[in-house]
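In the numbering used here, the protein residues as written are 1 to 136.
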């Protein structure tokens, strides 16, 4: 079942890539809101401007994925890998980021209101920057 879902996902990602890079109306935007996407391989994929809100990405590998400006409100990323991912201007409001690996991720401009970051791997400077913490 996971292999079949991965195949369908690869088609959707291909269409999304054509939409985001094409300008001629080719492809279409990825709408993956509310889907069960657990344990899937998203390494290096282009999901700029995609809608992933409310999806379950538990255990998925998003290493190096481009998620800039994606809508990810309420997403579940329990134990997912987002190492070196581009998360600029991503809306992660009320996302479950427990145990997520965010080392090397770019979170500049990300909205992280009411996120659960328990056990999350993240550089302190990155976390302080995204949460707009002031140095004492």
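The beta-carbon is built from N, C-alpha and C at its ideal position, and this holds for glycine as well.
Since the structure is predicted, the reported quantities are computational estimates derived from the model, not experimental observations.
Residue 105 is positioned such that its CB atom lies closer than 8 angstroms to that of residue 84. Per the DSSP secondary-structure output, residue 116 pairs in a beta bridge with 96. The C-alpha of residue 49 is placed about 6 angstroms away from the C-alpha of residue 68.
Of the residues assessed, residue 36 falls on the exposed side of the cut-off, its CB having fewer than 16 other CB atoms within 10 angstroms. With respect to residue 29, residue 58 sits apart: the two C-beta atoms are not nearer than 8 angstroms. Contact check for residue 66 and residue 86: beta-carbon distance about 5 angstroms, within the 8 angstroms limit, so the pair qualifies. Per DSSP, the continuous alpha helix (DSSP H) segment holding residue 126 begins and ends at 124 to 130. Assignment of beta-bridge partners to residue 31 by DSSP yields 51. In this model, residue 8 and residue 134 are separated by some 45 angstroms (Cα to Cα).
With fewer than 16 other beta carbons inside 10 angstroms of its own, residue 3 counts as exposed. The beta carbon of residue 15 lies closer than 6 angstroms to those of 27, 28 in the same chain, with the five residues before and after it left out.
As a beta-bridge residue in DSSP terms, residue 71 pairs with 51, 91. In terms of Cβ geometry, residue 121 and residue 103 form a close pair [threshold 8 angstroms]. Within the same chain, and ignoring the five residues on either side of residue 72 in sequence, the residues whose Cβ sits closer than 7 angstroms to its Cβ are 52, 53, 90, 91, 92, 95.
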